[in-house]
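In the working numbering, the protein residues as written are 38 to 677.
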C-alpha cells in the first residue's frame with residue numbers, strides 16, 4: 038500500500054524534480070507535490086504544512102541554505118533534506134545548523150526514498166516523545182496539585198526512609214519550621230515530628246516496625262502535644278513491576294471529628310438516661326400521686342385538728358419536693374416538657390436555695406436577697422430550679438477554696454432608653470434573678486463562648502459543657518435574656534431577665550380564690566391501672582358528687598363504654614397503661630364515636646406533653662396533683 042506524502046520541492050530544474058518524484062514512487066510513496074524556486078513562493082507553500090521539504094542547494098533566485106534558515110525561523114517542525122550535485126562537508130554542516138534534517142548528492146538520488154522515510158519516522162518519534170513528555174508533565178502537575186490540595190498531610194519516602202515528597206499540609210499539620218523543611222538532613226525533620234507527638238517513643242517504634250515490614254499497611258491514631266488528634270495511615274509504594282519502592286504516609290487532623298463522636302456518645306448516654314428516667318418518673322409519680330390524693334382526702338374531710346392539719350400540710354409539702362426532684366431528673370435527661378404556670382419567683386428561689394445549702398460544699402456561703410412582696414412570672418418551676426442548680430454548681434467550681442454565692446431577686450422596669458444600653462434587652466417589666474460569686478472569674482476570650490454547647494474549660498471528666506448552654510436555652514424559652522459580667526480573679530455575675538406578670542394577675546394568683554362549684558353529678562369513666570391511686574380517685578370523685586365507673590386497662594374501659602356510652606360524660610384516664618390500648622388511643626376512639634365527650638388525661642411522665650393534643654392545665658394533669666386542681670379541671674371541662 039502506497040504511503041501518502043505531501044511534498045514541497047524547492048528546485049529550479051523540472052527534470053531534477055521529476056527524478057525525485059520517480060524515486061519516491063519507487064520507494065512506495067504516493068507524493069502530491071508543489072515545486073517552487075523563489076523565496077515568496079517558498080513561504081507561501083510552507084504555510085500549507087507539507088510533510089517534507091526537498092531543496093536544491095543552489096538556484097538562480099534562491100538557495101537551499103536560505104530555505105533551511107527560513108524554516109528554522111518559522112518554528113515549524115518539517116523535515117528538510119538538502120539535495121545538490123556537489124555538497125562539501127562544510128556546506129552540509131552549515132545546512133544542519135540551519136535546521137536541515139539530512140543532505141543528499143544528486144548522483145546518489147537512489148537513497149532519497151530511505152532518507153525521506155527516515156526523516157518522517159524521526160519527526161513522528163519526536164512528536165510522540167514530546168506528547169509523552171507533555172502528558173507526563175501534565176500528570177505530574179495534576180498529581181502534585183491533587184496532593185497539595187488534599188485534606189491530608191502527605192509524605193512519600195523511599196525504601197531507605199529518605200524523603201521524596203511532602204505536601205504543604207503536612208508541614209502545616211506538624212508545624213515544621215522553614216529552616217527544617219529546607220534542610221537536606223531528613224533526620225532533623227523526623228526528630229522534630231517525633232517531639233511533636235505525645236508518646237514519641239511509641240511513634241518511633243511504629244516507624245521502625247513498618248520499615249522492617251515493608252509490605253504491611255497500617256492505620257492508627259496519635260495525639261500531639263497540643264491535643265491534636267491525628268489519623269495516621271501508611272502503605273507501601275511499588276513501581277510498575279511490583280517492586281517495593283518506598284512508603285506513603287497520610288496524616289489527617291480528626292480532632293473535631295473525635296469531639297463530635299464524643300458528643301454523640303454523650304448524647305446517646307443522655308438518651309438512655311432519659312428513657313430510664315421517664316420510666317422511673319412514671320412509677321415514682323404514681324406513688325406520689327397516691328400520697329397526695331390521700332392527704333387531699335384527709336384535708337377534704339375538714340375534721341382534722343390544727344396539729345393534724347399541720348402534719349398533713351408538711352406531708353403535702355414533702356410530696357411537692359419529691360415531685361420537684363423527679364422534674365429535675367427529667368430535665369437533666371432532656372425528657373421534661375415545659376409546664377408553664379404562674380410562679381412566685383421569690384418563693385421558688387427560696388425553696389431551691391435551701392436545697393443548694395445541702396448540696397454545695399460547706400465552705401460555700403449562700404446569701405439570698407429577695408423583695409418583701411411576691412414577684413410572679415410565667416415559667417416552668419422545674420426549669421427555674423435547673424437554672425439555679427447549674428449556675429450554683431459552676432460558681433462552686435469557680436471557688437475551689439470556698440467563697441460566697443449571692444442570689445438576688447428584684448423587679449426591673451426598663452424603658453426604651455434603658456433597654457438600649459443593655460445587650461439583648463427590650464423594654465418592659467421583668468423579674469431579674471442574679472447569681473454571683475467571688476471566684477476565679479472568666480477570661481474575655483472564654484466569655485464569648487460560655488453558652489456554646491459542649492464548650493468547657495474544665496478538665497476531662499469534670500464537665501460536659503452543657504450546663505450554661507442549658508441555662509441559655511431555658512431563658513430563651515421563657516422569652517428572657519442573660520447578661521454576664523466577669524473579671525479574672527474578680528468573680529462572675531449572671532443576671533437573668535424574665536418577663537414579669539402584670540400586677541393584677543399577681544394579686545389574683547396570690548389570693549388563689551376559686552370561683553364556681555367543684556361539685557357535680559355527671560358520670561365519669563375512670564381508667565387507672567394503679568389500684569391504690571384508682572381507689573383514691575374514685576373516693577374523691579364520689580365525694581364531689583360524681584358517678585364513677587372504674588377500669589384498670591383500656592380493654593376494660595372499652596367494654597364499659599360499649600355498655601354505657603350514653604351515660605358517660607367525661608373520661609379520666611392515665612396515658613400509660615398495660616394492654617393493647619393506651620389512654621390517648623382510648624380517648625381518640627371514644628371521641629370518634631361521641632365528639633361531645635370530655636376528656637382529662639393524667640400521667641407521671643410529663644414528657645408525653647410533647648405529643649400533639651395535650652396541654653397542661655387544659656386537658657392534662659401531671660402526677661402528683663392536688664385534689665382541688667383535679668376537681669377544677671374536671672368541672673372546667675364539663676362546663677364547656
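Each residue gets a CB set at the ideal place from its N, CA and C atoms; glycine is no exception.
Check: Just to confirm my understanding: we take residue 257, look at its own chain, exclude 5 residues before and 5 after, and list those with CB closer than 6 Å. What are they?; Outcome: 269
Check: Pick out the complete alpha helix (DSSP H) segments inside the segment 382-428, 4 residues or longer, and give them in chain order.; Outcome: 382-396
Check: Determine, using beta-carbon pairs with one atom in the segment 525-533 and one in the segment 473-487, whether at least three such pairs fall under 8 Å.; Outcome: yes
Check: List the endpoints of the continuous beta strand (DSSP E) containing residue 448.; Outcome: 440-451
Check: Between which two residues does the beta strand (DSSP E) carrying residue 215 extend?; Outcome: Per DSSP, residue 215 belongs to no beta strand (DSSP E); it is in the alpha helix (DSSP H), 215-219.
Check: How many angstroms separate the CA atom of residue 228 from the CA atom of residue 262?; Outcome: 14 Å
Check: Roughly how many angstroms separate the alpha carbons of residue 233 and residue 260, rounded to a whole number?; Outcome: 9 Å
Check: Can you grab the Cα-Cα spacing for the pair residue 244 / residue 214, in whole Å?; Outcome: 22 Å
Check: For residue 676, collect the residues of the same chain with a Cβ closer than 6 Å to its Cβ; drop the 5 residues on either side in sequence, then sort them by chain order.; Outcome: none
Check: Taking residue 391 as the reference, which of 426, 415 and 408 has the closest Cα?; Outcome: 426
Check: Can you give me the Cβ contacts of residue 231 inside the same chain, cut-off strictly under 8 Å, excluding the 5 residues immediately before and after it?; Outcome: 237, 240 and 241
Check: DSSP three-state label for residue 208, please.; Outcome: helix
Check: Select from 597, 266 and 469 the residue whose C-alpha is nearest the C-alpha of residue 293.; Outcome: 266
Check: Taking the continuous beta strand (DSSP E) assigned at residue 98, which residues delimit it?; Outcome: Segment: none, residue 98 is in no beta strand (DSSP E) and carries neither H nor E.
Check: Can you tell which of 302, 132, 78 and 524 has its C-alpha closest to the C-alpha of residue 435?; Outcome: 524
Check: Determine the closest residue to residue 413 out of 343, 99, 340 and 539, with distance taken between C-alpha atoms.; Outcome: 539
Check: Give every residue of the same chain whose Cβ lies closer than 6 Å to the Cβ of residue 394, excluding the five residues on either side of it in the sequence, and list them in chain order.; Outcome: 403
Check: Please go through the same chain and pick out, in chain order, the residues whose beta-carbon is closer than 6 Å to the beta-carbon of residue 295, but skip the five residues on each side of it.; Outcome: 266
Check: With 16 other CB atoms within 10 Å as the buried threshold, where does residue 94 fall?; Outcome: buried
Check: Return the first residue and the last residue of the beta strand (DSSP E) that residue 435 is part of.; Outcome: Segment: none, residue 435 is in no beta strand (DSSP E) and carries neither H nor E.
Check: Just to confirm the assignment, what range does the alpha helix (DSSP H) spanning residue 246 have?; Outcome: 237-249
Check: Considering Cα atoms alone, identify which of 277, 656 and 567 is closest to residue 608.; Outcome: 656
Check: Which same chain residues end up closer than 8 Å to residue 555 when comparing Cβ atoms and leaving out the 5 residues on each side of it in sequence?; Outcome: 581, 665, 668, 669 and 672
Check: Based on Cα-Cα distance, which residue from 564, 335 and 39 lies nearest to residue 64?; Outcome: 39
Check: According to DSSP, simplified to helix, strand and coil, what is residue 510?; Outcome: helix
Check: Rounded to the nearest angstrom, what separates residue 464 and residue 299 at their Cα positions?; Outcome: 41 Å
Check: Please state if the CB of residue 113 and the CB of residue 129 are separated by a distance shorter than 9 Å.; Outcome: no
Check: Less than 7 Å between C-beta atoms, sequence neighbours within five positions excluded: which residues of the same chain meet that for residue 156?; Outcome: 89, 116, 118, 138 and 139
Check: Excluding sequence positions up to five away, which residues of its chain have a Cβ less than 7 Å from the Cβ of residue 619?; Outcome: 591, 612 and 613
Check: To the nearest angstrom, how far is it from the Cα of residue 661 to the Cα of residue 593?; Outcome: 24 Å
Check: Tell me, please, which residues DSSP counts as bridged to residue 187.; Outcome: Residue 187 pairs with nothing; no bridge assigned.
Check: Relative to the C-alpha of residue 469, which residue among 533, 291 and 639 is closest?; Outcome: 533
Check: Closest by CA to residue 585, which one among 246, 201 and 562?; Outcome: 562
Check: At the level of alpha carbons, what is the spacing between residue 302 and residue 641?; Outcome: 28 Å
Check: Just the Cα atoms here: how many angstroms apart are residue 132 and residue 111?; Outcome: 16 Å
Check: Give a yes or no on whether the C-beta atoms belonging to residue 47 and residue 84 are separated by under 9 Å.; Outcome: no
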